[in-house]
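Here the structure comes first, spelled out in structure tokens, and everything after it is commentary.
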Amino acid sequence: MKRHLRHLVTSGTVALGLGMALGVPSMAQSSVVTVPPPQVQDYWVSISRQPGGTLVFDGFAPDAVVRDQLGQHDGADISWLKLGSGAPEGYGAATAFGLDILDHLSEGRFALRGSVLTVNGIADSQADFLSLHDTLASKVPAGLILAKAEISAPRVESYTFSLRRQPNGNVLLSGFLPNPEFEQRLLLLVGARSSSTARFGSGEPVNFVAELDRVMPLFALLQDGEVKLENGAWLFSGTPKSAADADSIRAAFSTDRLAEAGWSLALAAPAPSTTAVAEAPTPAATVPAPELAPPVAPAAPSSQQNPSPAPSVEAAAPQPAAEVAPSAVAAPAAQAADNIALCRSQLAELSAQNGILFRSGVAVLAEGADVVLQAIADVANQCPSAAIDVAGHTDSDGEAAANLALSVARAEAVVAALIKLGVGPERLYAIGYGETEPVADNSTAAGKAQNRRIVVSVRDGA
Numbered sequence: 004m005k006r007h008l009r010h011l012v013t014s015g016t017v018a019l020g021l022g023m024a025l026g027v028p029s030m031a032q033s034s035v036v037t038v039p040p041p042q043v044q045d046y047w048v049s050i051s052r053q054p055g056g057t058l059v060f061d062g063f064a065p066d067a068v069v070r071d072q073l074g075q076h077d078g079a080d081i082s083w084l085k086l087g088s089g090a091p092e093g094y095g096a097a098t099a100f101g102l103d104i105l106d107h108l109s110e111g112r113f114a115l116r117g118s119v120l121t122v123n124g125i126a127d128s129q130a131d132f133l134s135l136h137d138t139l140a141s142k143v144p145a146g147l148i149l150a151k152a153e154i155s156a157p158r159v160e161s162y163t164f165s166l167r168r169q170p171n172g173n174v175l176l177s178g179f180l181p182n183p184e185f186e187q188r189l190l191l192l193v194g195a196r197s198s199s200t201a202r203f204g205s206g207e208p209v210n211f212v213a214e215l216d217r218v219m220p221l222f223a224l225l226q227d228g229e230v231k232l233e234n235g236a237w238l239f240s241g242t243p244k245s246a247a248d249a250d251s252i253r254a255a256f257s258t259d260r261l262a263e264a265g266w267s268l269a270l271a272a273p274a275p276s277t278t279a280v281a282e283a284p285t286p287a288a289t290v291p292a293p294e295l296a297p298p299v300a301p302a303a304p305s306s307q308q309n310p311s312p313a314p315s316v317e318a319a320a321p322q323p324a325a326e327v328a329p330s331a332v333a334a335p336a337a338q339a340a341d342n343i344a345l346c347r348s349q350l351a352e353l354s355a356q357n358g359i360l361f362r363s364g365v366a367v368l369a370e371g372a373d374v375v376l377q378a379i380a381d382v383a384n385q386c387p388s389a390a391i392d393v394a395g396h397t398d399s400d401g402e403a404a405a406n407l408a409l410s411v412a413r414a415e416a417v418v419a420a421l422i423k424l425g426v427g428p429e430r431l432y433a434i435g436y437g438e439t440e441p442v443a444d445n446s447t448a449a450g451k452a453q454n455r456r457i458v459v460s461v462r463d464g465a
């Protein structure tokens, strides 16, 4: 009899016939005594979705009712789930949250330990991945802490990627990327004239993000071109903005050993600068032969232009009109030269103020920069034929590669702001120098502040 009672007590509930226990046959009623599960100090529960869809529960449930409710979920296996007292207050909300997440995963695991949540796995579809991205960012139950969330996009068998700059300056992202955060970082680096049709997928090559970070500063040197991943091979191709940019790209490929890392390089010859083409006809138009001849003897230039003997007076009559035309052409040319010189001087003064500031560590313009940017745009529009360089510089804090990428991104941000203020995009060139051209000592805070700068200038040769 005692052994039987002991067995019932350890099971949690005792149905005790009082009459029988007390030896009183007339008492037929019985009482039920509920014994709580043992107290658990380190309380935890986990739910794992297996590739076949089975949900395996492990750890503890506060009572049999809750355990049975968890077991009603499709594919649930609760055979490992034990009963234990001491469940955290958010146990019910946490397990419901975990099951909701697992419903969007092809495989993965959710765990609760005390009030701390962790979750990892692979999204079942593109829509599931985007939904989970939003859920994990904003819908964690109150009172619980999400310590780790590692959700990968659905696996992609053939991972492709393309970042293409078109001749008109627009940049398009396509193919696959590992997550939205990296997509936003790329779009920020290439500037405001960028868009994306990329999808999210896992299964990317090893060092996918690191490889792109290595070539992004070089992509900024292309007039048009593409960074592409296809069939496991990387390709960097296009037309550099100048011969110097082409040399910089080739030097970087050699120094960084990109070919050894699987990169191919295909560069076209840079197109002749628009400034040189525009200026080429100027000498012939502004220095014609009639201007060099004495005004009392117009026949001499006529004989140089026409080998026939003894030109008539009527043939020479139009000469005075020809003498007036060069002066009409030369005056705007001289005025344009004055404007470019003035632009060069004023842009140098504005850049020296170092008034274009950014938020710490990112390529986001700080409040107050709009005043200086408007002044720069006004000056640039006074010399509409001049090409404008926007150069980004950083201090020496951090890694050199990261500083170079940041300087390019900040220069692109300034270019985007100037375009919005009416400066023609075809005139603007974003260049990043990173920490390579300091103007002050990087060992002091004041020196670093001077080295973190944007320099806007008229391109040499303009």
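Per the working numbering, the sequence shown starts with residue 4, numbered consecutively. Note that CB positions come from ideal geometry on N, CA and C, so glycine has one too. Predicted, not measured: the structure shown is a model, and the values here were computed from it.
Are residue i and residue j closer than 8 Å when you measure CB to CB?
i	j	result
G93	V122	no
A405	C346	no
L58	L105	yes
L73	L86	no
A344	S460	no
P144	A114	no
V159	R167	no
D66	P91	no
A79	F63	no
D398	K451	yes
S268	D248	The question names Ser, but residue 268 is Leu in the sequence shown. No, the Cβ-Cβ distance between L268 and D248 is not below 8 Å.
Q356	V375	yes
A390	R462	yes
L180	L190	no
L139	A126	no
E214	A264	yes
D216	A408	yes
Would you kindly report the start and end of the unbroken beta strand (DSSP E) that includes residue i?
i	result
A236	236-243
D127	Per DSSP, D127 belongs to no beta strand (DSSP E) and is neither H nor E.
I379	Unbroken run through I379 is the alpha helix (DSSP H), 372-383; no beta strand (DSSP E).
G111	108-116
K151	148-155
K85	79-86
R52	47-52
Y162	That residue, Y162, is in no beta strand (DSSP E); it is neither H nor E in DSSP.
A64	58-64
V174	174-180
L268	266-270
I434	431-437
Quick check on the burial criterion: 16 or more other C-beta atoms within 10 angstroms. Buried or exposed for residue i?
i	result
V193	buried
E415	buried
Q349	buried
V48	buried
G228	buried
S446	exposed
R455	buried
P170	exposed
K244	buried
Q42	exposed
R260	exposed
D131	buried
A448	exposed
V458	buried
A236	exposed
A272	exposed
E440	exposed
V418	buried
A156	buried
G233	Checking the displayed sequence, the identity of residue 233 turns out to be Glu instead of Gly. Label assigned to E233: exposed.
S88	exposed
A420	buried
E207	buried
In the DSSP assignment, the alpha helix (DSSP H) including residue i goes from what residue to what residue?
i	result
T258	246-258
V192	The residue asked about is misnamed: residue 192 is Leu in this sequence, not Val. Start and end: 183-193.
G101	94-105
G74	67-74
K451	448-454
Going residue by residue through the region 389-414, where are the continuous beta strand (DSSP E) segments of at least 3 residues, counting only ones entirely within it? Inside the region 389-414, DSSP marks whole beta strand (DSSP E) runs of 3 or more residues at positions 391-396, from first to last along the chain.
Taking only runs that begin and end inside the region 199-235, name each unbroken beta strand (DSSP E) of 3 or more residues, in chain order. Counting only runs of 3 or more residues that sit fully inside the region 199-235, the beta strand (DSSP E) segments are 225-233, in chain order.
Pair every Cβ in the region 107-121 with every Cβ in the region 146-166, then say whether three or more of these pairs are closer than 8 Å. Touching, yes, given that three or more Cβ pairs across the two stretches are closer than 8 Å.
Under 8 Å, with one C-beta from each stretch per pair, do the region 220-227 and the region 180-187 reach the 3-pair mark? Touching, no, given that fewer than three Cβ pairs across the two stretches are closer than 8 Å.
Taking 8 Å as the cut-off, does the region 392-409 touch the region 429-444 (at least 3 CB pairs, one atom from each stretch)? Flag = yes, the region 429-444 and the region 392-409 touch.
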